[in-house]
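Novice:
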Amino acid sequence: MSFARISILARHALLLGLALCFAAVIPGRTAAADPAQMISDFRLKHGEKRVTLDGTLTRIAHDQAQAMASKDVLDHDVLGHFNSRVAPAGAGRAAENIAYGYDGFPKTLDQWINSSGHRKNLLLPGATRVGVASVKSAKSGRMYWAMVIAGDYESKKPKSSPKSSPKESKQASAAKPKARAAESCRLKILSLCL
């Protein structure tokens, strides 16, 4: 066998080896870096159900992280009260965790797991959806994180029966928001109304 032929085979073997290394590393890294999967894994270990990534909750989390990063302050109320910020999600229950300092989600999640209040939010009973976002502060270079987890979504309302008049339907739908707005907090923790 000629030296040129051995050289070509050696290059192919090297390229194949590198490809296999990347193939083994990248899928593991992608799966480990998925916040919804990591939160679900933690929840499943503690008897709670899996959560899925939700676009509305992710937008709410991103807005919070962006506001904290732009003001370079860790504050649940930087954009207003949590209840008003999370209302567009339509969830019956929701919680928020915030943090700064870590560039990656795994370390941020570990920080939340080791904090009793944050841990309680991660294990929110009935939660089915989550949104996670991070934004780096241009001022300090700190990474700000926000997570919104929610559940108890209302089921779709049945259409009014053909026997009811349009006036009856309008009154029924108008009465529900007023009753909901009159609810008061039983327990308020970090601007969260429970």
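Residue numbers (the numbering used here): 12 to 205.
Every residue gets a Cβ at the ideal spot worked out from N, C-alpha and C, and that includes glycine.
Treat the numbers as computed from the prediction; the structure is a model and nothing was measured.
Kindly indicate which residue of 103, 116 and 121 has the alpha-carbon position closest to the one of residue 138.
Specialist: For the residues 103, 116 and 121, the minimum Cα distance to residue 138 belongs to 103.
Novice: What residues are listed by DSSP as bridge partners for residue 105?
Specialist: BP columns for residue 105 point to 161.
Novice: Span of the beta strand (DSSP E) holding residue 150?
Specialist: No beta strand (DSSP E) holds residue 150; DSSP gives it neither H nor E.
Novice: So residue 159 and residue 46 are in contact, right, with Cβ under 8 Å, and what is the actual spacing, rounded?
Specialist: Not really, about 11 Å apart at Cβ, beyond 8 Å.
Novice: Note down, one range per segment and in chain order, each beta strand (DSSP E) of at least 3 residues found wholly within the region 117-148.
Specialist: Here the runs fully enclosed are 138-147.
Novice: Going by C-alpha distance, which of 117, 131 and 84 is nearest residue 107?
Specialist: When only C-alpha atoms are compared, the closest one is 131.
Novice: Does DSSP put residue 66 in a helix, in a strand, or in coil?
Specialist: Helix.
Novice: Looking at C-alpha atoms only, which residue of 129, 150 and 88 is the closest neighbour of residue 53?
Specialist: Closest by alpha carbon: 129.
Novice: Spatial neighbours of residue 77 within its chain, please: CB distance less than 6 Å, with the 5 preceding and 5 following residues excluded, ordered by chain position.
Specialist: Contacts found: 146.
Novice: Check whether chain B comes within 8 Å of residue 102, counting only Cβ atoms and requiring the distance to be less than that.
Specialist: No chain B appears in this structure, which consists of one protein chain only.
Novice: Measure the alpha-carbon distance for residue 134 versus residue 151 and round it to whole angstroms.
Specialist: Each residue's Cα considered, the two are about 32 Å apart.
Novice: If residue 49 sits next to residue 111, beta carbons under 8 Å apart, how far is it from one beta carbon to the other, in whole angstroms?
Specialist: Actually they do not touch by this definition, with Cβ atoms about 19 Å apart.
Novice: State the CB to CB distance for the pair residue 161 and residue 105, rounded to an integer number of angstroms; the pair is presumed to be in contact (CB under 8 Å).
Specialist: Their Cβ separation, rounded to whole angstroms, is 4 Å, which keeps residue 161 and residue 105 in contact under 8 Å.
Novice: Are residue 66 and residue 164 touching if we call contact CB-CB under 8 Å?
Specialist: No, Cβ-Cβ distance for residue 66 and residue 164 is not below 8 Å.
Novice: Are residue 90 and residue 109 closer than 8 Å when you measure CB to CB?
Specialist: Contact flag unset, no.
Novice: Would residue 69 be called buried (16 or more neighbouring beta carbons within 10 Å of its own) or exposed?
Specialist: By the 10 Å Cβ count, residue 69 comes out buried.
Novice: Can you tell which of 117, 58 and 72 has the C-alpha that lies nearest to the C-alpha of residue 64?
Specialist: That would be 72, whose Cα lies nearest to the Cα of residue 64.
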